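Protein chains in written order, with our numbering: chain Z, 1 to 384; chain B, 1001 to 1384; chain G, 2001 to 2384; chain P, 3001 to 3384. For every residue, glycine included, the Cβ atom is placed at its ideal position computed from N, Cα and C. These numbers were taken from a predicted model, which means no experiment stands behind them. Working notes, beginning with the structure itself.
There are 4 protein chains.
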Amino acid sequence: MVGYSFMGATHSVAWRTAHRAFDLPMRPRMAALAGRNAEAAQTAADNLGWESVETDWRALLERADIDLIDICTPGDSHAEIAIAALEAGKHVLCEKPLANTVEEAERMVAAAEAAAAKGVRSMVAFNYRRVPAASFARQLIADGKLGTIRHVRAVYLQDWIVDPAFPLVWRLQKDRAGSGALGDIGAHIVDLAQYMTGDLLTGVSATTETFVKERPLPQASAGLSATADSGVTEMGAVTVDDAALFIGRFAGGALATFEATRFATGRKNQLRIEINGELGSVVFDMESMNELQYYDATEPAATAGFRRILVTEPDHPYMAAWWPPGHIIGYEHTFTHEIRDLVEAIATGSDIYPSFADGLRVQRVLEAVETSSANNSTWQEIQA
Amino acid sequence: MVGYSFMGATHSVAWRTAHRAFDLPMRPRMAALAGRNAEAAQTAADNLGWESVETDWRALLERADIDLIDICTPGDSHAEIAIAALEAGKHVLCEKPLANTVEEAERMVAAAEAAAAKGVRSMVAFNYRRVPAASFARQLIADGKLGTIRHVRAVYLQDWIVDPAFPLVWRLQKDRAGSGALGDIGAHIVDLAQYMTGDLLTGVSATTETFVKERPLPQASAGLSATADSGVTEMGAVTVDDAALFIGRFAGGALATFEATRFATGRKNQLRIEINGELGSVVFDMESMNELQYYDATEPAATAGFRRILVTEPDHPYMAAWWPPGHIIGYEHTFTHEIRDLVEAIATGSDIYPSFADGLRVQRVLEAVETSSANNSTWQEIQA
Amino acid sequence: MVGYSFMGATHSVAWRTAHRAFDLPMRPRMAALAGRNAEAAQTAADNLGWESVETDWRALLERADIDLIDICTPGDSHAEIAIAALEAGKHVLCEKPLANTVEEAERMVAAAEAAAAKGVRSMVAFNYRRVPAASFARQLIADGKLGTIRHVRAVYLQDWIVDPAFPLVWRLQKDRAGSGALGDIGAHIVDLAQYMTGDLLTGVSATTETFVKERPLPQASAGLSATADSGVTEMGAVTVDDAALFIGRFAGGALATFEATRFATGRKNQLRIEINGELGSVVFDMESMNELQYYDATEPAATAGFRRILVTEPDHPYMAAWWPPGHIIGYEHTFTHEIRDLVEAIATGSDIYPSFADGLRVQRVLEAVETSSANNSTWQEIQA
Amino acid sequence: MVGYSFMGATHSVAWRTAHRAFDLPMRPRMAALAGRNAEAAQTAADNLGWESVETDWRALLERADIDLIDICTPGDSHAEIAIAALEAGKHVLCEKPLANTVEEAERMVAAAEAAAAKGVRSMVAFNYRRVPAASFARQLIADGKLGTIRHVRAVYLQDWIVDPAFPLVWRLQKDRAGSGALGDIGAHIVDLAQYMTGDLLTGVSATTETFVKERPLPQASAGLSATADSGVTEMGAVTVDDAALFIGRFAGGALATFEATRFATGRKNQLRIEINGELGSVVFDMESMNELQYYDATEPAATAGFRRILVTEPDHPYMAAWWPPGHIIGYEHTFTHEIRDLVEAIATGSDIYPSFADGLRVQRVLEAVETSSANNSTWQEIQA
């Protein structure tokens, strides 16, 4: 595994847990964690359960005891690491968004396809696909329970930078993060909407905004710099979007609204998708991730209503592995389910999704959003 | 009152009720109802409580015992009736949308301003402003409880024409209705968003869609035409939008999404607005119209949360007139509150809102939506 | 109508509205309102829409133009007025609880039965039976949708006297009110539970409590008495229960819990009933009175869930008379529906429910609760 | 660890996870799992992460490398194992209910007290105390935010045996399980109510019921017995309660209702507690275990409302160890938190709760419920 902060922690839980919760054909060994700072990496490895440490991720590629590289770094390093790993014949799991640009993503897809020909698997970690309620929604739609889809209504709302005094962390810098709310959380709702509907966006009209244009530099806010003496806080420019809003159309004719923002006061992690079809509707909200709302329009009008399904039954995706009905699972198991499916795909030699190609499709949508936003919100077609 | 179908019925409840629920300075007399069909109008007058009937609305303008004209007809007749009434020195209450075009609305505003100089009042019936929870939300925002507004998220979702076999009623014909979901329900969320924030939209990017392009003609579906014999259902073209989606910006810097549709399966009358400000948020949903969700970000993080305020306290707008706390009121009293304020304004000689100018502002937004939609969703500025 | 405070106001709305909302076989005339204070009664009559005033309710019985007596006074006068009215051949609508004691209620039932033989109708105003969602729940249960009923879980929670400084109003005095939370709101959940299940309680085990034993006398709290000078607030004893809790069993084998309290901080008018049957469950909550939650256990486990039915469809009880789906109605129309059914029963000469006998059954339950509570909570059988 | 079914699985997660999520003073080693069937125990140990296996739990007591015994067996073996372990100087974590009888529980408390004098710790695993939302509710109450407590309203509702064809498993047999819904889930709400209020029940009035008196024997339902041939299903008597309902009083004056049932159709694991105090209220529901509803009555009436607190902030109990705000945790971490606190208590030599004495207090309440139920629901005092 390369990288060991937030995503490194969640992936580690998943690697430790998947073979205990599920009956896997192979048992993962957590061989090595790579990080530039040896000491910090060693501490992380101890905490997270990795056997050894490397200070250069390239060393992982040379180790014969390592079959898979799990990339948990910021987006600017994904392409380099993933391509090198695939060329070295290692399976790759790569955090989302796949890359910071479409060009990088295209190169990664090419590498993934070349590797696939040799039986090497690759996957991009859009983990929300494997929330049982989201998987189940997809299943209902694929089974035709909603009929023709008319509307998708997707938001991903957070509020952690509402305060203008919040510092200029790396996620607010374009060169590291690629984009702001758009790539970080907007990417999730684009992928999830395409996954749940089984359909692809064909065009968007968008606007983006940076509400707070300057923020204190991190060191300033930590009181470590000269500013403490001078009494002046050093400020830096925010170079990514705070919010991105867009309208879209799917190939199948559905209309969609998307909104990703870090300024929705009171919303901590509200990824909410509502899908309306001719025969029914579903609503999913990550803050209540063990539930799915479902409306069945084929019911008589008098007894029809949005029903709150507790997605904790053994019949629900992944849930037979967990607790009895009504006992919920937490956020981290979206990753556990990912690892479970990935290990199974590797063992059985089958394809695994979301693929790098799926990641590229999301990347194209993000690019179209930025293009439209920069171009007076004019409709921007998305390459299939 | 001119017209006596759905809106005629709700306005009649309000005229009958306002002076009983509230202590009004003047007591309205329900003098006359106008309708082209004398018999049907008489039946309606009896049911709804009107003293007399006229078969030509112009007759109302000549009656000295009539001080106010309440226009409840489809949008294509609003301008003619309202302007004539104002010129005849009658106060006017006009159903929304104010008109079917900006040009008509502008002439109505001119007439309203000329009349106002002579003490004649005019009001457009955006009744949702007077849902107590919506009024209270406006009050919280006006008091600064939300700070700078960052986001508005407004939908008006219905599902009554999801079935392609639903007939081609007048609301689906452009010459009568002006537009579809956009003017009928989109107008409400535009007005309400501007009212609650106390701010105006400055531009939009939009798309609209007609999912079902042809529908059975009403007579055909009733089986009265020759089609019964031939076995062929006569179809007609749907000439209005089924759904309208747009992104907007407010003068104060807030971003907004709007969606009005009649294809949101399971949503019967979901007018929902969420507003996020720097200091807090509110959420209003017409399906639970006696509630307001409020998030106070000045609370400590550990006890902050969206609170469900039952807007049934005597301190809440209009509610001292009704029942004890926890006993809810119904949809029709949005009109009762409208009449209450209108009668008071007439009695005290003060201005009343929403004015025709407010109605025109909404009309300009609707026009901008249609222009943007027709123009590749390109951003369309809205005249102040 | 006798009495004109809270209940008088709601009944008046109903008398004014029923024939406009519904197609009634007879049109009620609001002939006279009776109240001891002539001036106050006249003001009330003007506000509420009554044609004349009497200062003695007995005068109503002598008027030939009056066919029905509507009793909206406190419980201590119900028996006297109702029996006299029935003997005078007037139909009677009597507020709940039917009486303050079982003995009074028994005499009222006897009078009602005697009157019924002559075609004179009587009804006790348990208005919540005619909330459309409650009627619909009953209908589902009667249709067998829930199968054998196992559990009833009923609470009626208010909080208007949590503050010990709240004065000693008549509802806190046993001689006027009969009992406290038990008779005022507990009576409602007993009646509603029996109505919805179509079954009768056969026994209870109970406890009651008066948390605040003394309260300021009303005049003292208004600052009008000598206490203002002396600085001492005059206190009086609270002689009714603040809360009543009981466990019960139904004839059909279901177990039940009941709780009525005025000390549930934050609950304004939460009358909530959940009923679990072998095949499904329903939940009704008066604070969201236009909704019914329904769980259908015959659904596959994966798609089963409590569904929120918006009880605003034309197929729902009473709702065809009101607004389009999704447009809710208010508390007062529980009374409108009552009047509608009562007028229809009178016109067609049919029985009307809840009858005085139904009121007596509730009274027997309340008595059993008090007996059990006074007797160490020992199980108390209820006479059929 | 003794026992390895449902509770064994959850405890194992906790033992594997606590030192990774939290910074523990000691790192637990999962030394051995005991089970009578060597093969099954070995498989379980492999799956759950235990290093070795013993077929007799007594062997664990003799191993010097084992410091703590975790008892996950049915209630009938708790006393024997726990007492022996404590006498052997091993710390003990014992699943709830503490025992099947008060007498057993008393002996266990005596053993625990004797052991405590030598620094040996014991704890009963009422895991719901360590749901962060429940801990936080306790904290609010302990801080006086609710003032004097007036009401507790607790239910634990499940529906897994609604179907009469569900077989006669060990949980439905008195000799193994001690009691039915009462001891299994009723014990949880009794403990949680006492924990959250910081108060003790002083008496109860109760009723219990077995709705389905006979069920198919497990082997019969599995089709393994002779019944398959004969076509007759062998039935056995259900010897425990299906449901237990009781009213209670707390030492501090609060009134309470409790209901534990396995017949609440549609409720999968609804442990719900509402507590009303003079100054506010809280509501907790295990099906949404990352949320707490809180009503602050010191707010102005116009802005007061039940707020939904997402208990995922770093300021909330235990949550700093987990994910960012809005990312929820699952059921199993109630055990992780338990282990964290237990390990810390052992390392620091401090007391740990719930103690065996707390478990005994719950046992006394359960006994009082059974006594009252058997005695015509007569009020039953509970020994302090």
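When DSSP builds the beta bridges, which residues end up paired with N3376(P)?
For N3376(P), which the question treats as bridged, DSSP gives no partner whatsoever.
Give me, in chain order, the residues of the same chain whose beta-carbon lies closer than 6 Å to that of I2329(G); leave out the 5 immediate sequence neighbours on both sides.
W2322
F2356(G) and A2154(G): beta carbons closer than 9 Å?
no
Using the three-state DSSP reduction, which class does Q3270(P) fall into: helix, strand or coil?
strand
Distance, Cα to Cα, S2225(G) vs A2165(G)?
Its pLDDT being 45, under 50, S2225(G) is placed unreliably by the model, and nothing is read from it.
State the CB to CB distance for the pair S3205(P) and T2207(G), rounded to an integer number of angstroms; the pair is presumed to be in contact (CB under 8 Å).
7 Å
Compare the beta carbon distance of T2202(G) and E3259(P) with 9 Å and say whether it is the shorter of the two.
no
Taking 6 Å as the limit between beta carbons, can you name the residues of its chain near P1132(B), skipping five residues before and five after?
V1311, H1316, P1317, Y1318 and M1319, listed in sequence order.
DSSP three-state label for I3141(P), please.
The answer is helix: DSSP assigns I3141(P) an H, G or I state.
Under 8 Å: do the stretch 3294–3302 of chain P and the stretch 3269–3285 of chain P share three or more Cβ pairs, one atom per stretch?
yes
Residues bridged to E2291(G) by DSSP?
L2310(G)
Any idea what DSSP makes of V1212(B), helix, strand or coil?
coil
Name, please, each residue of chain B whose Cβ falls closer than 7 Å to the Cβ of N2127(G).
Chain B residues near N2127(G): none, gap ~11 Å exceeds 7 Å.
With S12(Z) as the anchor, note down where its alpha helix (DSSP H) starts and where it stops.
Here the alpha helix (DSSP H) through S12(Z) covers F6 to A21.
Shortest alpha-carbon distance to Q2383(G) belongs to which of L2060(G), V2240(G) and F2250(G)?
F2250(G)
When the cut-off is 9 Å and only beta carbons count, does T378(Z) lie next to chain B?
yes
For P1324(B) and M2007(G), I'd like the C-alpha separation in whole angstroms.
11 Å
With a threshold of 9 Å between beta carbons, is S221(Z) in contact with chain P?
Reliability of the predicted coordinates at S221(Z) is poor, the pLDDT of 43 falling under 50, and no value is obtained from them.
Nearest to V1013(B) by CA position, among L1061(B), P1025(B), D1065(B) and D1070(B), is which residue?
D1070(B)
So if DSSP puts C1446(B) in a beta bridge, which residue, or which two residues, is it bridged to?
This structure cannot settle anything about residue 1446(B), because the visible part of chain B is limited to 1001 through 1384.
Using 9 Å as the threshold, is the C-beta distance between D159(Z) and F306(Z) below it?
Going by C-beta atoms, D159(Z) is not nearer than 9 Å to F306(Z).
Quick check on the burial criterion: 16 or more other C-beta atoms within 10 angstroms. Buried or exposed for A40(Z)?
exposed
Give the secondary structure of H2151(G) by DSSP, where H, G and I count as helix, E and B as strand, and everything else as coil.
strand
Can you find the residues in the same chain that come closer than 6 Å, C-beta to C-beta, to T2017(G), ignoring five residues on each side of it along the sequence?
T2336
If you measure between the beta carbons of A2034(G) and E2051(G), is that distance less than 9 Å?
Contact annotation: A2034(G) and E2051(G) have beta-carbon atoms that are not nearer than 9 Å.
If you reduce the DSSP assignment to three classes, tell me which class G3101(P) lands in.
The sequence given here has Thr at residue 3101(P), not Gly. In this structure, T3101(P) counts as coil in the three-state DSSP scheme.
Which partner residues does Y1156(B) have in the DSSP bridge list?
A1260(B) and L1271(B)
Of all the residues that make up the stretch 3255–3267 of chain P, which are near chain G by a beta-carbon distance shorter than 7 Å?
L3255, T3257, E3259, T3261, F3263, A3264, T3265 and G3266
Any beta carbon from chain B within less than 9 Å of R3150(P)'s own beta carbon?
no
Could you work out which residues of chain P lie near I273(Z), taking near to mean beta carbons separated by less than 9 Å?
Those within 9 Å of I273(Z) in chain P number zero; the least Cβ separation is about 16 Å.
When DSSP labels each residue in this structure, what does E1234(B) get in the three-state scheme?
coil
Count the other CB atoms, across all protein chains shown, that sit within 10 Å of the CB of Y3156(P); report buried if there are 16 or more and exposed otherwise.
buried
Taking the DSSP output, what are the residues bridged to A2206(G)?
F2246(G)
Could you tell me which of V2212(G), G2198(G) and Y2353(G) sits nearest to A2142(G), measuring between CA atoms?
Minimum Cα distance to A2142(G) is reached at G2198(G).
Alpha carbon to alpha carbon, how far is V212(Z) from V238(Z)? Give it in angstroms, no decimals.
If you take the alpha carbons of V238(Z) and V212(Z), they lie about 7 Å apart.
Using the C-alpha atoms, what's the distance from A2181(G) back to T2101(G)?
15 Å
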